[in-house]
């Protein structure tokens, strides 16, 4: 599920760029550093993460018309 994923993937499955987690624009959110393996939104940058324990990695996008999208990380 990628809960502990700390890779640098920062684009979604469709190629959209991820919004930095510390930013509240273009999409406002309530994520906090404790929800991330890094323990810090700034260090998590705009990388795909799974802070809510979903079944997949995802991120908020920089596209104002698309709030979030899944990310597809390669398995190692």
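Numbering (the numbering used here), first residue to last: 6 to 81.
For every residue, glycine included, the Cβ atom is placed at its ideal position computed from N, Cα and C.
All of these numbers come straight from a predicted model, not from anything done at the bench.
Query: DSSP-derived helix/strand/coil call for residue 62; Result: strand
Query: Three-state secondary structure assigned by DSSP to residue 16; Result: strand
Query: Bridge partners - residue 1, DSSP secondary structure assignment; Result: This structure does not reach residue 1, given that the chain is present from 6 up to 81, and the question cannot be answered.
Query: Under 8 Å between C-beta atoms of residue 78 and residue 17; Result: no
Query: Secondary structure of residue 78, DSSP reduced to three states; Result: coil
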